[in-house]
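Here is the structure we will look at.
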Amino acid sequence: MPERHPDLPRPGVAGWRRILREAEIETCDRLAEISGADPDLAVAAHERFGCRIDLVALDRHGKVSPRAGQWIGAYREALLAAGVPADAIHEVRRESGIERAAIVAGLGRWGMHQRIRNLGPFLDRALSPGGILAVDLAKGSGGFPFLRDYGNCRTVATWSAGGKPVARVVMSVEPSRIGAPDVEWARIAKGLVGRDGFLNANAHHSFTFIPRGPTLCVTFDNLDIAMNKREDRRPWGFAFIERQGWSMLGVMAAGWTWYRDAWVTAEFDRLRGEGFFAGFERVIFYGASMGGYGALAFSAAAPGADVVVFSPQTTLDKAIVPWETRYRVAWDHDYSDHYGDAARTVAAARRVSIFYDPYSRLDARHVDRLRGDNIHLFRAPFLGHRLGSLLSQMGILQPLVLDAMGGTLTEDAFRKAIRARHGFRRYRRELVLRLIDTGHPVLAERLCRKFLTEGPDRFFRETAERLAAQRALGAA
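So this is what it looks like as structure tokens:
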């Protein structure tokens with residue numbers, strides 16, 4: 001067994017599966033283990049994602065050093081004994097071998113016995129955007145202030161070691177500040193808006209109006225686009241709206257702002273007051289995640305509009321949604337104005353169509369706050385927060401969105417349309433994991449074997465073998 005840490009809590013593989021599920025990581029190609037304290041985390045990650053496990057021996061300065069890897073042999077044996085295949089385990093022996101990992105595990109060492117600030121250069125190189133870091137932080141270690149520059153810390157356990165309080169923290173990587181203004185966008189936008197359109201902007205947001213027809217679609221950047229400064233960047237949904245021949249008002253953000261900017265509020269108030277929205281036969285607000293919040297919240301500027309959103313938030317005001325643990329960078333924004341809480345603003349919309357995964361716990365809690373006869377829910381189980389990307393891969397996103405925008409999409413039609421998800425690996429994997437997590441291992445094993453009749457797949461093969469071994473052990 002790996003080096004023992006008797007003072008550490010051990011949630012076991014099942015406990016780590018739960019923690020990983022709550023972290024809402026959708027994919028993980030690699031886990032980097034840098035302390036060797038608890039192999040159950042790596043086992044749970046491999047079971048969930050089929051990921052590679054890199055064993056990285058770091059000295060106290062955070063540099064790769066084989067002399068610091070006394071724990072690696074026993075740790076490897078523990079992984080093998082738990083059913084992790086040997087070819088999924090790799091030892092990193094030099095700095096050049098460090099690769100991006102969606103999960104970095106530094107339990108029992110960094111933040112307890114070694115200065116976590118020394119880990120900074122390694123994290124900058126190894127921790128993927130959107131990934132997580134699992135560490136134990138002793139009081140006085142300076143760990144929380146240090147990690148705030150990387151993302152949002154969630155405490156999953158507390159205890160005392162050596163007379164000091166210790167917190168087990170799972171940190172989700174998020175932007176720590178508003179992004180730099182997109183100075184190139186003004187040049188690009190001028191070529192899009194033409195003579196009758198407009199571009200209004202401040203340091204962190206812009207409104208780009210492209211006139212085409214009597215239908216106006218107002219879109220909002222999502223999280224990924226807001227941090228992307230590609231030269232070919234366009235407002236969210238640009239190509240789709242262009243194909244419909246609709247006019248477009250693209251609201252863009254330089255970072256994870258949630259559009260909480262007095263200037264943005266004033267612009268929507270001005271456009272409403274000047275009759276801009278009233279000049280169109282139809283107005284549609286459209287967005288996903290952060291952009292979904294924007295579409296819900298600011299739809300109040302155009303009463304009677306249709307709204308179509310994917311996995312939206314309703315607010316990040318901690319006084320209203322204290323259970324929201326994501327997006328720490330946006331918690332301190334002011335949500336007190338008349339557009340701040342989408343649960344109140346949507347009353348003015350004609351029809352609100354919301355696509356979401358009811359098993360994505362936090363997304364579902366936001367959706368539960370939206371009430372009214374104009375609210376129409378389209379549930380997509382096991383497709384996750386980024387369900388729009390999978391619907392796009394399935395080739396059904398655009399027709400579903402068009403029907404939702406036209407007010408003709410029904411729940412029954414949506415259920416029939418997404419039956420195709422049954423053939424997609426991501427859905428199948430989530431279904432198997434959900435069965436395991438809810439105590440149905442026999443059914444999960446049967447599903448794995450059924451999927452394997454359609455072709456080889458390492459995840460389903462290894463999961464079926466592991467579940468069969470556990471069943472045999474229980475019967476012995």
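For the sequence shown, the tail end lands on 476 under the numbering used here, and the numbers increase by one without skipping.
Backbone N, C-alpha and C fix where the C-beta goes; we use that ideal spot for every residue, glycine too.
Please classify Phe-277: does DSSP put it in a helix, a strand, or coil? helix
Label Glu-481 either buried or exposed according to how many other C-beta atoms from any shown protein chain fall within 10 Å of its C-beta, with 16 as the threshold for buried. This structure leaves residue 481 out entirely; the chain is present only between 1 and 476.
Which partner residues does His-376 have in the DSSP bridge list? Ser-353
Let's see if you can read the secondary structure: which residues bound the alpha helix (DSSP H) around His-366? 361 to 368
Status (buried if at least 16 other CB within 10 Å, exposed otherwise) for Glu-430: buried
Stretch-stretch touch, CB-based, cutoff 8 Å, three pairs: the segment 269 to 279 with the segment 345 to 361: no
DSSP on Met-227, reduced to helix/strand/coil? Any reading at Met-227 must be qualified, since the residue scores a pLDDT of 46, below 50, and its modelled position is unreliable; the value itself is stated next. Met-227 falls in the coil class under three-state DSSP.
Paired residues, beta bridge with Lys-450 - DSSP: Partner(s): none; Lys-450 has no beta bridge.
How would you call Glu-281, buried or exposed, if buried means at least 16 neighbouring beta carbons within 10 angstroms? exposed
Could you check what DSSP says for Pro-129 in three-state terms: helix, strand or coil? strand
Can you tell me whether Asp-54 is buried or exposed? The criterion is at least 16 other CB atoms within 10 Å of its CB, across all chains shown. buried
Looking only at C-alpha atoms, which of Val-135, Asp-124, Arg-115 sits nearest to Leu-41? Val-135
At what residue ranges does the segment 26 to 82 contain a whole run of the alpha helix (DSSP H), taking only runs of 4 or more? 39 to 49, 72 to 81
According to the Cβ coordinates, are Val-92 and Val-56 closer than 8 Å? yes
Between Ile-103 and Ala-45, is the Cβ-Cβ spacing less than 8 Å? yes
What residue range does the beta strand (DSSP E) around Ala-102 cover? 101 to 106
Give the DSSP-derived three-state secondary structure of Met-112 in the structure shown. coil
Distance between Gly-407 and His-422 (C-alpha atoms, nearest Å): 26 Å
Would a C-beta distance cut-off of 8 Å place Ala-86 and Pro-39 closer than the cut-off? no
What separation, rounded to the nearest whole angstrom, lies between the Cα atoms of Gly-106 and Ala-464? 30 Å
Opposing strand residues paired with His-205 [DSSP bridges]: Ala-253
Run through DSSP, which three-state label would Tyr-286 get? strand
CA-to-CA distance, Leu-137 to Pro-322, given in whole angstroms: 23 Å
Looking at the secondary structure, which residues open and close the alpha helix (DSSP H) in which Glu-411 lies? 411 to 417
Rounded to a whole number of angstroms, what is the C-alpha to C-alpha distance between Gly-245 and Val-401? 15 Å
If you reduce the DSSP assignment to three classes, tell me which class Ala-468 lands in. helix
Cα-Cα separation between Ala-226 and Arg-67, rounded to whole angstroms: With a pLDDT of 49 at Ala-226, under the threshold of 50, the modelled position of this residue cannot be trusted; read the value that follows with caution. Answer to the nearest angstrom: the Cα atoms are 43 Å apart.
Got a sec? Which residues, its chain only, sit under 6 Å from Arg-466 by beta carbon, not counting five neighbours each side? Gly-83
Coarse secondary structure for Ile-178, derived from DSSP in three states: Residue confidence is low: Ile-178 scores 48 on pLDDT, short of 50, so the model does not pin down where it sits. No coordinate-derived value is stated.
Taking just the CA atoms, how far does Pro-399 sit from Leu-391? 10 Å
8 Å Cβ cutoff, Ala-254 in contact with chain D: You won't find chain D in this structure, because it holds only one protein chain.
What do you reckon, are the CB atoms on Tyr-259 and Phe-207 nearer than 8 Å? no
CA-to-CA distance, Trp-159 to Glu-3, given in whole angstroms: Confidence is the limiting factor: at Glu-3 the pLDDT is only 49, short of 50, which leaves the residue's position unreliable and the question unanswerable from this model.
Looking at the ligand FAD, does it come within less than 7 Å of Ala-469, judged from the CB to the closest heavy atom? Questions concerning the ligand FAD fall outside what the structure shown contains, since it holds no ligand whatsoever.
Just verifying my parser: in three-state terms, what is the DSSP assignment at Gly-15? helix
Just verifying my parser: in three-state terms, what is the DSSP assignment at Ile-210? strand
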